[in-house]
Amino acid sequence: MTLIYADTSAVVRAYAVGETDHETLRALLFEGPDPVVTSELTTVEFASAVAAAARAGRVDEPHRLVARFTADCAEGGPVSVLRLVPESVLPTARRLVTEHAIRTLDALHLAVLLTTATSLASGDDVVLVSRDRQQLRVAAELGIAVA
């Protein structure tokens, strides 16, 4: 089994019809056999990105899109939301921002992947799905599989 960690950049595109890579990401995240996880950060970033897309005229009915994502994150839904555990995630993220050229929220996502998601995977592969080139580059440098 492979555990898919979906960054917000991939999640938003999977939900927002018309966004770049929408169909590809929708299929990867929701039509495959592998479980999908993301950080609780994504719930805030998703709402922010959808609101911005609505203001730019790229998304109709943003409240419905956020409600659908929220429902999908509920127990038994296709997306499991991982808690950001400050005691393990923050020191890891701090190390990432000092050792790599990476933004804070991207580092926090990678830190959740490195701490919580890898623990949850119990030795199985964890793959980062993102559309953020800088985050993907750092993840690859760290030996994380990327898609």
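Take my numbering: the last position of the sequence shown gets the number 990, and nothing is skipped along the way.
Backbone N, C-alpha and C define an ideal beta-carbon position, used for all residues, glycine too.
All values derive from a computational prediction rather than experimental measurement.
Asked                                                                                                                          : Found
Is it right to say T958 is buried, meaning 16 or more other beta carbons lie within 10 angstroms of its own, or is it exposed? : buried
Taking 8 Å as the threshold (C-beta atoms), are E883 and L927 in contact?                                                      : yes
Measure the alpha-carbon distance for D903 versus L956 and round it to whole angstroms.                                        : 31 Å
Need the endpoints of the beta strand (DSSP E) that D968 sits in, please.                                                      : D968 to V972
Using only the heavy atoms of the ligand PLP, determine whether one of them is closer than 7 Å to the beta carbon of P921.     : The ligand PLP is absent from the structure shown, which contains no ligands of any kind.
Is T851 near A892, with beta carbons less than 8 Å apart?                                                                      : yes
Taking F912 as the reference, which of F889, P934, V879 and Q977 has the closest Cα?                                           : F889
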